[in-house]
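K.L.:
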Amino acid sequence: MKITKICCIGAGYVGGPTMAVIAKKNPHIKVTIVDINAERIAAWNDKDLSKLPIYEPGLAEIVEETRGKNLFFSTEIDETIKESEMIFISVNTPTKTYGKGKGMAADLKYVELCARNIAEVATTDKIVVEKSTLPVRTAQAIKSILHNTGSDVNFSILSNPEFLAEGTAVQDLLNPDRVLIGGESEEAIESLANVYGSWVSQDRILRTNVWSSELSKLTANAFLAQRISSINAISELCEHTEANVNEVAKAIGMDSRIGPKFLNASIGFGGSCFQKDILNLVYIARSYNLQAVADYWEQVIILNDHQKRRFSDHLISTLYNTVSGKKIAMLGWAFKKDTNDTRESAAIYVADHLLNEQANIAVYDPKVNGKKVQADLNYLNTRTEEENMELVQSFNDPYEVTNDAHAVAIMTEWDEFKTYDWKKIYNQMKKPAFIFDGRNILNKEEMTKIGFEYSSIGQ
Ligand code: UDX
Ligand code: ADP
Numbered sequence: 001m002k003i004t005k006i007c008c009i010g011a012g013y014v015g016g017p018t019m020a021v022i023a024k025k026n027p028h029i030k031v032t033i034v035d036i037n038a039e040r041i042a043a044w045n046d047k048d049l050s051k052l053p054i055y056e057p058g059l060a061e062i063v064e065e066t067r068g069k070n071l072f073f074s075t076e077i078d079e080t081i082k083e084s085e086m087i088f089i090s091v092n093t094p095t096k097t098y099g100k101g102k103g104m105a106a107d108l109k110y111v112e113l114c115a116r117n118i119a120e121v122a123t124t125d126k127i128v129v130e131k132s133t134l135p136v137r138t139a140q141a142i143k144s145i146l147h148n149t150g151s152d153v154n155f156s157i158l159s160n161p162e163f164l165a166e167g168t169a170v171q172d173l174l175n176p177d178r179v180l181i182g183g184e185s186e187e188a189i190e191s192l193a194n195v196y197g198s199w200v201s202q203d204r205i206l207r208t209n210v211w212s213s214e215l216s217k218l219t220a221n222a223f224l225a226q227r228i229s230s231i232n233a234i235s236e237l238c239e240h241t242e243a244n245v246n247e248v249a250k251a252i253g254m255d256s257r258i259g260p261k262f263l264n265a266s267i268g269f270g271g272s273c274f275q276k277d278i279l280n281l282v283y284i285a286r287s288y289n290l291q292a293v294a295d296y297w298e299q300v301i302i303l304n305d306h307q308k309r310r311f312s313d314h315l316i317s318t319l320y321n322t323v324s325g326k327k328i329a330m331l332g333w334a335f336k337k338d339t340n341d342t343r344e345s346a347a348i349y350v351a352d353h354l355l356n357e358q359a360n361i362a363v364y365d366p367k368v369n370g371k372k373v374q375a376d377l378n379y380l381n382t383r384t385e386e387e388n389m390e391l392v393q394s395f396n397d398p399y400e401v402t403n404d405a406h407a408v409a410i411m412t413e414w415d416e417f418k419t420y421d422w423k424k425i426y427n428q429m430k431k432p433a434f435i436f437d438g439r440n441i442l443n444k445e446e447m448t449k450i451g452f453e454y455s456s457i458g459q
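Going by the UniProt record's numbering, the first residue of the sequence shown is number 1, and it counts up by one from there.
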């Protein structure tokens, strides 16, 4: 099928950047991103590019170049579905918060609604591409919904998982290690391969069956997360043995079979994918009664939760076993640098632990505002909105947030944190002044020389 118009349902962290790059590289295709959230669409259409709902290095430039030419943001979902030959489903698939599979299985409510929406309004043949991270066999469910419409419309379903990482999304999209397309219809697969073929060489475009494609995404994320839990497990051992986790990571990373990436010990991984995907894997394994497989992958999450808890416990015990009424300055709230996304960020959980101990939390993140910080804490439902408001304050400046603080906790590895005047920060903090470097980004010797009581992960 010749593709002249693409519709993407869901203007989020995946849909936005992916479609912007597809539009940039395919000027002959009209790409429209639709969303039920009118506020979000308005933000994507804002003349002021700093107001785009998603912060990604390089994204604003591409949006500026393509918006209004062949990239459009709209709330006209039905019309856009109708006119497009290819429809990407790129909506959120959070972990279920109710009923069967609560806390484990993906909530496919939004995906199902999209499929029903497409089935209802389509009058011509469509290629439907699942882009959201989904459990294995979701394509089957989409297919069954689409094929039971009673109309003559023919739907081909493809799985095309997204491997972009936030913070480097544009680069990952422009230079992907691979593009994966799973499907039954060769013609549909080739149509999508041609869209990517505008800038990705054909040998990097893998064609598989639908289930392999879906499972590959979960497996890739599980392997990546496993590396972090593995090095984080070693970080705890390092702290007890005076080995240095950075040195260990470097030494093992030079083994070409292991490789150097994803070996940074940290406060624990966050983000919308890792935990959710592993939980999906565990849930699927359990549903087939594969207990050993399920337990094996679940341990990656257990270790990650342990790492977050260990960080807050260490902070509390170092501050003489009480943080009650003490000001703890958190630098960073996003789950990693170069993004404004805070989903599953370790900072949220560490803050929650400290708040249980009646700490006063002061937050500064270069891209996350105070409203978001409050919303993240309220979502946990541990305490009332009023209590969160009272105990947690956000600042727009690193020197204000650290003023009179008892301790600084580094939660995100933002580059700018390394450039601060740490002497100035030291001078305005309560003494002894503590730094808990959850990302190992500061130099221990330098910080100790200034006078800080410095501790980091696995050193
Ligand atoms: C991940 C996958 O990398 C991507 O391919 C997939 O499409 C979506 O999920 P993302 O969650 O955006 O991407 O970020 P990623 O860079 O993988 O980082 C995830 C978390 O792991 C972050 O909290 C990060 O700080 C942490 N991390 C990463 C570490 O703690 N140590 C590392 O060495 C690497
Ligand atoms: P992701 O990281 O997967 O991109 P986001 O939450 O950032 O997730 O984005 C998903 C988007 O999908 C949200 O903006 C949400 O409003 C949108 N969405 C969810 N369900 C629907 C639907 N049925 N129709 C249109 N948009 C939807």
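Every residue, glycine too, gets a C-beta built ideally from N, C-alpha and C.
Please find out if some non-hydrogen atom of the ligand UDX comes closer than 8 Å to the beta-carbon of Asn264.
P.N.:
Flag set: Cβ of Asn264 near the ligand UDX.
K.L.:
Indicate the three-state DSSP secondary structure (helix, strand or coil) for Gly325 in the structure shown.
P.N.:
Gly325 falls in the coil class under three-state DSSP.
K.L.:
Quick one: grab the DSSP three-state call for Gly16.
P.N.:
Helix, per DSSP.
K.L.:
My guess is that Leu331 and Ile457 are in contact by the Cβ rule of under 8 Å, so how many angstroms apart are they, rounded?
P.N.:
With a Cβ gap of about 15 Å, Leu331 and Ile457 do not count as contacting.
K.L.:
With DSSP collapsed to three states, give me the class of Leu180.
P.N.:
Three-state result, Leu180: strand.
K.L.:
Verify the contact flag: residue 463, CB atom, against every heavy atom of the ligand UDX, threshold strictly below 8 Å.
P.N.:
In this structure the chain extends from 1 to 459, so residue 463 is not present and cannot be described.
K.L.:
What are the boundary residues of the alpha helix (DSSP H) that includes Asp338?
P.N.:
Unbroken run through Asp338: none, as it is neither H nor E.
K.L.:
Which residue marks the beginning of the beta strand (DSSP E) containing Met86, and which one marks its end?
P.N.:
Looking at the DSSP string, the run of the beta strand (DSSP E) that includes Met86 is Met86 to Ile89.
K.L.:
Taking the alpha carbon of Leu113 as the reference point, which residue from Ile450, Thr448 and Gly10 has its own alpha carbon closest?
P.N.:
Of Ile450, Thr448 and Gly10, the residue nearest in Cα terms is Gly10.
K.L.:
So, does the segment 89 to 98 touch the segment 55 to 62, judging by three or more C-beta pairs under 8 Å?
P.N.:
Too few Cβ pairs lie closer than 8 Å, so no.
K.L.:
The ligand UDX heavy atoms versus the CB of Ser272: any closer than 8 Å?
P.N.:
Answer for Ser272: yes, Cβ within range of the ligand UDX.
K.L.:
If Val170 sits next to Pro17, beta carbons under 8 Å apart, how far is it from one beta carbon to the other, in whole angstroms?
P.N.:
With 8 Å as the limit, Val170 and Pro17 qualify as a contact, their Cβ atoms being about 6 Å apart.
K.L.:
Just curious, the beta strand (DSSP E) that Thr32 is in, first and last residue?
P.N.:
Its beta strand (DSSP E) spans residues Lys30 to Val34.
K.L.:
Express the C-alpha separation of Ala38 and Ile361 in angstroms, rounding to a whole number.
P.N.:
Their backbone Cα atoms lie some 33 Å apart in a straight line.
K.L.:
Is the beta carbon of Ala215 sitting closer than 9 Å to the one on Phe274?
P.N.:
Just to set this straight, residue 215 is Leu in the shown sequence, not Ala. No, Cβ-Cβ distance for Leu215 and Phe274 is not below 9 Å.
K.L.:
Just mark Ala329 as buried or exposed, buried being the case when its beta carbon has 16 or more other beta carbons within 10 Å.
P.N.:
With 16 or more Cβ atoms within 10 Å of its Cβ, Ala329 is classed as buried.
K.L.:
Check for me: the alpha helix (DSSP H) holding Glu247 runs from which residue to which?
P.N.:
Its alpha helix (DSSP H) spans residues Val245 to Gly253.
K.L.:
Write down every uninterrupted run of the beta strand (DSSP E) in the segment 376 to 408 whose length is 3 residues or greater and which is fully enclosed by it, in chain order.
P.N.:
DSSP runs (the beta strand (DSSP E)) wholly in the segment 376 to 408: 392 to 394.
K.L.:
Quick one, which of Lys47, Asn45, Tyr379 and Lys327 has its alpha-carbon nearest Leu391's?
P.N.:
With distances taken between Cα atoms, Leu391 lies closest to Lys327.
K.L.:
Three or more beta-carbon pairs under 8 Å between the segment 193 to 208 and the segment 41 to 57, yes or no?
P.N.:
Not touching, per the Cβ criterion.
K.L.:
Helix, strand or coil for Ile441 per DSSP?
P.N.:
Note: Ile441 maps to coil in three-state DSSP.
K.L.:
Nearest CA to the CA of Tyr399: which residue from Asn388, Leu380, Thr382 and Thr419?
P.N.:
When each option's Cα is compared against that of Tyr399, the closest is Thr419.
K.L.:
Hey, quick one: how far does the beta strand (DSSP E) through Cys8 stretch, first residue to last?
P.N.:
Where Cys8 is concerned, the enclosing beta strand (DSSP E) stretches over Lys5 to Ile9.
K.L.:
Have a look at Ala405, Asn264, Glu120 and Lys372 and flag the residue whose alpha-carbon is nearest the alpha-carbon of Met389.
P.N.:
Closest by alpha carbon: Lys372.
K.L.:
Three-state secondary structure (DSSP) at Arg67?
P.N.:
Looking at Arg67 - three-state DSSP - the assignment turns out to be strand.
K.L.:
For the alpha helix (DSSP H) that Leu281 lies in, which residues bound it at each end?
P.N.:
Phe274 to Ser287 is the span of the alpha helix (DSSP H), which, as asked, contains Leu281.
K.L.:
Met1 and Asp125 - do their beta-carbons sit closer together than 9 Å?
P.N.:
Contact: yes.
K.L.:
Could you tell me the boundaries of the beta strand (DSSP E) in which Arg207 lies?
P.N.:
That run of the beta strand (DSSP E) goes Ile205 to Thr208.
K.L.:
For the ligand UDX, any of its heavy atoms closer than 8 Å to the Cβ of Gly167?
P.N.:
Under cutoff, so the answer is yes.
K.L.:
Beta strand (DSSP E) containing Val363: first to last residue?
P.N.:
Counting along the chain, the beta strand (DSSP E) containing Val363 begins and ends at Asn360 to Tyr364.
K.L.:
Would you call the CB atoms of Ala405 and Leu319 closer than 9 Å?
P.N.:
The answer is no: Cβ separation not under 9 Å.
K.L.:
Please report how far the alpha carbon of Tyr296 lies from the alpha carbon of Ala334, in whole angstroms.
P.N.:
Going from the Cα of Tyr296 to the Cα of Ala334 covers about 28 Å.
K.L.:
So is the beta-carbon of Leu113 under 8 Å away from any non-hydrogen atom of the ligand ADP?
P.N.:
Checking every heavy atom of the ligand ADP against the Cβ of Leu113, one is found closer than 8 Å.
K.L.:
Quick one: measure Cβ to Cβ for Val14 and Lys109, integer angstroms, because I've assumed they're closer than 8 Å.
P.N.:
Incorrect: roughly 17 Å between the Cβ atoms, too far for contact.
K.L.:
Under 8 Å Cβ to Cβ from Thr412, same chain only, skipping five residues before and after it: list those, please.
P.N.:
Same-chain partners within the cutoff: Leu331, Gly332, Trp333, Ala334, Phe335, Lys336, Lys337, Ser345, Ala347, Asp365 and Arg439.
K.L.:
Restricting to Cα atoms, I'd like to know which of Gly270, Ser191, Lys96 and Ile6 is closest to residue 470.
P.N.:
No answer is possible for residue 470: the residues shown for the chain start at 1 and end at 459.
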